[in-house]
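Structure first, then comments.
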Amino acid sequence: MHLPGGVARPITVYGTPVLHRPCAPVLRFDAELRTLVADLFASMAAAEGVGLAANQIGVDARVFVFDCPDADGVRRAGYVVNPVLEVIGTARSAFARRDTVVADAEGCLSIPTQYATLTRPGRARVTGVDVDGRLVAHAGTGTLARCLQHEYDHLDGTVFVDRLDEESRRQVLTAHERLAAAGGLPAWSAGAGSERNA
Ligand SMILES: [Zn+2]
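Take the sequence shown: its position 118, counted from the start at 1, is 117 in numbering that gives the first Met the number 0, and no numbers get skipped.
This is how it looks when you write it as structure tokens:
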């Protein structure tokens, strides 16, 4: 489920408009889509990430890739086009059983090196299609469950900080802005060196 031969592209930073609006469904299953998926894998690897959505490399398309372990430590890599997400456990439900939601540190390549604790359902499943339009499904627990939800959120224009309480959100974004202003973003970030180009 991994498409090789891609080229790493710069990863967009929080505040870039394409990250903050829903992405468009993929309608054409052509060479361009195959290149996009391969480039997403290459970009994720270059940034040592566990997941990456198309709008994080500036492309308005409902596609994401992942490469991370599930709750049993089994590494799973794959991608999905036009995903539909199902979760088991509802973080906001007063009736949620404790074992159905998990609080853990979460971060995002579009807000590099910043982390915050976020509670999410502990199991997730996405269904969608591959680059040839064939049906695929990916289900996961642990980091994979978190990743599937995080990447799906990206395609709806939601970044993980949007799910934090106001105080935590402000802390993460303030630290991010300071790091960016100091020229401290990683080389693979589209925001790297922006203090020199501003
Ligand atoms: Zn992210």
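Each residue gets a CB set at the ideal place from its N, CA and C atoms; glycine is no exception. Remember, it's a predicted structure, so these values are computed and weren't measured experimentally.
Pair within 8 Å by beta-carbon distance, residue i and residue j
i: cysteine 22; j: aspartate 59; result: yes
i: leucine 39; j: glycine 4; result: no
i: isoleucine 10; j: glutamine 55; result: yes
i: leucine 172; j: valine 160; result: yes
i: valine 80; j: valine 25; result: yes
i: arginine 119; j: alanine 138; result: no
i: valine 62; j: alanine 53; result: yes
i: glycine 127; j: alanine 144; result: no
i: phenylalanine 65; j: glycine 50; result: yes
i: alanine 7; j: alanine 45; result: yes
i: arginine 162; j: leucine 134; result: no
i: alanine 115; j: serine 42; result: no
i: valine 158; j: leucine 2; result: no
i: arginine 20; j: glycine 182; result: no
Where the alpha helix (DSSP H) containing residue i begins and where it ends
i: phenylalanine 40; result: 30-45
Cα-Cα separation, residue i to residue j
i: alanine 37; j: alanine 191; result: 23 Å
i: glutamine 174; j: glutamate 165; result: Reading the sequence as shown, one finds alanine at residue 174 and not glutamine. Computed Cα separation, rounded: 14 Å.
i: isoleucine 110; j: threonine 34; result: 25 Å
i: cysteine 67; j: leucine 154; result: 19 Å
i: alanine 189; j: glutamate 176; result: 14 Å
i: glutamate 105; j: glutamine 148; result: 11 Å
i: alanine 30; j: glycine 57; result: 18 Å
i: leucine 184; j: arginine 169; result: 18 Å
i: alanine 102; j: threonine 15; result: 28 Å
i: valine 100; j: threonine 140; result: 11 Å
i: glycine 48; j: threonine 112; result: 11 Å
i: alanine 93; j: glutamate 85; result: Because alanine 93 sits at a pLDDT of 48, beneath the cut-off of 50, its placement in the model cannot be relied upon, and the point is left open.
i: glycine 132; j: leucine 32; result: 11 Å
i: tyrosine 230; j: alanine 186; result: The shown model of the chain, from 0 to 197, leaves out residue 230, and the question about it has no answer.
i: alanine 142; j: tyrosine 151; result: For the sequence presented, residue 142 should be read as threonine rather than alanine. Each residue's Cα considered, the two are about 14 Å apart.
Residue interval of the beta strand (DSSP E) (run including residue i)
i: alanine 52; result: 50-52
i: alanine 179; result: No beta strand (DSSP E) holds alanine 179; the alpha helix (DSSP H) holding it covers 165-180.
i: cysteine 67; result: 62-68
i: tyrosine 78; result: 74-87
* **Any alpha helix (DSSP H) of 4 or more consecutive residues that is wholly inside the region 108-144** => Listed in chain order, there is nothing to give.
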